[in-house]
Structure formats: C-alpha cells, structure tokens
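Residues 616 to 980 in my numbering are what the sequence shown lists, from first letter to last.
All C-beta atoms in this analysis are idealised placements derived from N, C-alpha and C, irrespective of residue type, glycine included.
All of these numbers come straight from a predicted model, not from anything done at the bench.
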Amino acid sequence: MAENKNIDKTVAKVASQAEAQREIDARRTKSADGSYEKMSIYDYEQKYVRHENARGARWFLRITSAIIGVFLFAVLLSVTLKVYEINEYAGYAAGGVCLILYICVFIVPLVKIMGAGYFVTQVNAQSARKAQRHNKKLRTEIAKKIIDLTARVEGVGWYDSQTVGRLAIAVQSGDDESIKANLTALYSGSVKKAAKDIIFKSSLKSAMYSAVSQTAKTDALLVVVVNMQVIKDLVFLYGFRPSDAKLAKIFMAVIRNSLIAYGLSSAQIGNTVVKTMGEAVKGIPILGSAIAAIVDSSVQGLTNGTLTTVIGYQTIRYLTKEYKLQNILDGVEIAETQEEFEEACEELEKELKKEQRRGKRLATA
Numbered sequence: 616m617a618e619n620k621n622i623d624k625t626v627a628k629v630a631s632q633a634e635a636q637r638e639i640d641a642r643r644t645k646s647a648d649g650s651y652e653k654m655s656i657y658d659y660e661q662k663y664v665r666h667e668n669a670r671g672a673r674w675f676l677r678i679t680s681a682i683i684g685v686f687l688f689a690v691l692l693s694v695t696l697k698v699y700e701i702n703e704y705a706g707y708a709a710g711g712v713c714l715i716l717y718i719c720v721f722i723v724p725l726v727k728i729m730g731a732g733y734f735v736t737q738v739n740a741q742s743a744r745k746a747q748r749h750n751k752k753l754r755t756e757i758a759k760k761i762i763d764l765t766a767r768v769e770g771v772g773w774y775d776s777q778t779v780g781r782l783a784i785a786v787q788s789g790d791d792e793s794i795k796a797n798l799t800a801l802y803s804g805s806v807k808k809a810a811k812d813i814i815f816k817s818s819l820k821s822a823m824y825s826a827v828s829q830t831a832k833t834d835a836l837l838v839v840v841v842n843m844q845v846i847k848d849l850v851f852l853y854g855f856r857p858s859d860a861k862l863a864k865i866f867m868a869v870i871r872n873s874l875i876a877y878g879l880s881s882a883q884i885g886n887t888v889v890k891t892m893g894e895a896v897k898g899i900p901i902l903g904s905a906i907a908a909i910v911d912s913s914v915q916g917l918t919n920g921t922l923t924t925v926i927g928y929q930t931i932r933y934l935t936k937e938y939k940l941q942n943i944l945d946g947v948e949i950a951e952t953q954e955e956f957e958e959a960c961e962e963l964e965k966e967l968k969k970e971q972r973r974g975k976r977l978a979t980a
C-alpha cells in the first residue's frame, strides 16, 4: 500500500512538472534559426486572444443572472399562491419560507460566484501590463485562501498538504514563481480530483431529486438550484471564477438545463414507452402505470444528472483554460505601451525646448 502511494506521488509530481514545462514552452516561439525566444505580446494576442466586448459581456451576464432569478421567483411564487388558495395563513407562512429559500439557493450562491476574482487574459499591448499586475495579485490572494482554508478546516481533503506547505513558504517569501508552480501542481492534482467528486455528488443529487419529483416546475427548480450550487462550489474550490463572458455562457447552459428538465416532465416519456410494449402491458393497467412512472423517473433523473455533469465540466474547462492563459501571459514579453511611447515623446519635447533655449542664448551672446 505504501509503495503504491509513493508511486502515485511520483506520477503526480512528474505530471505537474510536465504541465509546467508545457506552459514554459507555450511562452516561447521558434525563431528562424531554430532557437527559442520569448513570446511577444503580439504573438500571444494573435494566438490566444478572442476579441470580446467587455461591456457587452457584463450586460449579458447580468441578463442571464436575471433570467435565472426571475424563473426561480416565479416558481416559488406559484407554490405560495397554491398554498394561499388552500389556507390564507398557511399561504403567508409558505411565502416567508419561499423567500428564505430564494435567498439561500439563489441570492447567496450568486453573490459568492460574482464576488470571486477572475483572471484577465483577453488583452492587447496596451492592457497587458495592467493584466499581469492584476493576475499576480489574484494568484497571491488565491494562495492565501487555500492556505487559510487548509489550516482552519481539519480534514478538508481538497488540497495536497505538502504542496500547500510549499505554497505557504512561497507566499511568506513573496516568491511569485514558486506560488505559480505550486498552484499549478494543486490544480493539476488534488484540486482536479476534488472537483470531479463535487460534480459527481451534485449530479447524483440532481438525478435523485428529479426521480422523486413528479411535477415539471419542481423538476426545473431543483435542476437550477443544484446547477447553481455546483458552480458556486467549484468557484470556491479553485478560488476564482470564469470571466464575465465565460460565466454568462455557463448561466445560459443552466437556463437551457431548466427548460429541458421542464420539457421532460411535461412529455410523459414513460407513457410513450409503455404504448410500445405490446398487448401484455395494455392488458394490465396498474402494471402499465407503474412502469410508466418508473421509466419517467429514471429517464428524467438520468438526463438531469447528466446535464448537471455537463455544467460542472464546462465550468472546470473554463477555469483551467483561463488559469493556463494567465500563466502564459505572465511570461510574455511586452513591447512598449502607449504610456511609454507618450513618456518618450515628452522627454523628446523637453530636450528640444532645452536646445531652443541654448540656441537663443548663443544668438544673443
């Protein structure tokens, strides 16, 4: 057993070293003579930057968030009104409970997701230096969060303790290169494993809830709640969130999942399957209804669980991609920015004015 653990540690170490080497190679470009030189900001921009409207992405993110919020509010309101029709006081109580649920299952996760920092990777020559400073600060903040969580929560099991120890030393000494290396080792090792566990448990919850629920609105509500929870958990695990544009795409996928869940519940899939099972089932109405309920539940549960898995892995893919891009950007050689150009022009102007004054003094002498 001990030998197997040592082998696993060695494999993980080699994998993290290989990952680091790939990122170093990605920062280099091959010159005409076959040697490697540092990647320039223009090479980075051409290879990795997909020009996006930052303001448009923010608005798109707000719109998708609002759609999810309105949908959840409408479902909870319909539940409250149904209870109110039965009993007025019970309706008030149900309204209070639904309001608390709305805050807990939507407002709190949304605030935590939106409040997390994100890496800036879609840059040009003018904004690259600012992005590098921002990303460096964010890496240090993520490292401190991971160290603090590991120290305060005993047995959290998300992060490799030895790597976290090295990360703590790197933060204390202000060694940014070591911080990057140890974060990369965590993300490619223990964090990746913990993320898969979170996705599996969330997908299982989604499948089980859908199997128990027998109404379209409740199914869609549960899918949205579980999807938002898995996004929040993954953002907390990694310590940062995807950029506005990527997060908006994830929220769009959540909306799509809720619509699919609603459609599945309304489609009565099981009854359709029963109709094709022949005269034997038709002759036994009770058995036919039972089979229909089982098939409906299993199909809905499997589908909704799979949709949650898709959301989880889409989130991981964006987080991993943006972490790698900021690592590459950090090693990119940045040419003169507009600010440096303006400073050079100002220095030239000052020097010319000095020469003019000297010329005047010589002319009057």
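Next on the checklist: residue 847 and residue 683 - do their beta-carbons sit closer together than 8 Å?
Outcome noted: It is not a contact, given that the beta carbons lie outside the stated cut-off.
Checklist entry - Can you name the residues that DSSP bridges to residue 948? => result Paired residue(s): 655.
Next on the checklist: Looking only at its chain, what residues have a beta carbon closer than 8 Å to the beta carbon of residue 699, apart from the 5 residues adjacent to it on each side?
Outcome noted: Cβ within range, chain order: 705, 706, 707, 709, 710.
Next on the checklist: I need the straight-line Cα distance from residue 758 to residue 781, nearest angstrom please.
Outcome noted: Whole-angstrom Cα-Cα distance: 11 Å.
Checklist entry - Quick one: is residue 830 buried, meaning 16 or more other Cβ sit within 10 Å of its Cβ, or exposed? => result Answer is exposed; the Cβ neighbour count stays below 16.
Checklist entry - Where in the region 654-729 do unbroken runs of the alpha helix (DSSP H), each at least 4 residues long, occur, reported from the N-terminal end onward? => result For the region 654-729, whole alpha helix (DSSP H) runs of length 4 or above, ordered along the chain, are 656-663, 669-701, 703-717.
Checklist entry - DSSP state of residue 765, grouped into three classes? => result Note: residue 765 maps to helix in three-state DSSP.
Checklist entry - Taking the alpha-carbon positions, what's the residue 871 to residue 821 distance? => result Between the C-alpha atoms of residue 871 and residue 821 there is a straight-line separation of about 15 Å.
Item to check | The alpha helix (DSSP H) enclosing residue 851, as first and last residue numbers | outcome: 831-853 is the extent of the alpha helix (DSSP H) around residue 851.
Checklist entry - What is the rounded straight-line gap between the Cα of residue 873 and the Cα of residue 948? => result The straight-line gap from Cα to Cα measures roughly 45 Å.
Checklist entry - Can you round the beta-carbon distance between residue 921 and residue 849 to whole angstroms, since I take them to be within the 8 Å contact cut? => result Here residue 921 is actually not in contact with residue 849; their C-beta atoms are around 17 Å apart, not less than 8 Å.
Item to check | Assigned exposure category for residue 745 - 16 Cβ within 10 Å defines buried | outcome: So residue 745 ends up on the exposed side.
Checklist entry - Any idea what DSSP makes of residue 774, helix, strand or coil? => result Looking at residue 774 - three-state DSSP - the assignment turns out to be coil, as it is neither helix nor strand.
Checklist entry - Where residue 667 and residue 790 are concerned, what is the direct C-alpha to C-alpha distance, given to the nearest angstrom? => result Each residue's Cα considered, the two are about 33 Å apart.
Checklist entry - Could you give the residue range of the alpha helix (DSSP H) that holds residue 800? => result Where residue 800 is concerned, the enclosing alpha helix (DSSP H) stretches over 791-803.
Item to check | Buried versus exposed call for residue 834 [16 or more other C-beta atoms within 10 Å across all chains shown] | outcome: Per the 10 Å Cβ criterion, buried.
Next on the checklist: Taking the straight line between their C-alpha atoms, what separation do you get for residue 689 and residue 747?
Outcome noted: Spanning the two alpha carbons is a distance of roughly 43 Å.
Checklist entry - Nearest-angstrom Cα distance between residue 863 and residue 785? => result If you draw a straight line from the Cα of residue 863 to the Cα of residue 785, it comes to about 34 Å.
Item to check | Given residue 774 as reference, the closest of 812, 927, 740 once Cα atoms are compared | outcome: Among 812, 927, 740, the Cα nearest to that of residue 774 belongs to 812.
Next on the checklist: Once DSSP output is grouped into helix, strand and coil, what is the label at residue 921?
Outcome noted: The three-state reading of DSSP puts residue 921 in helix, counting H, G and I together.
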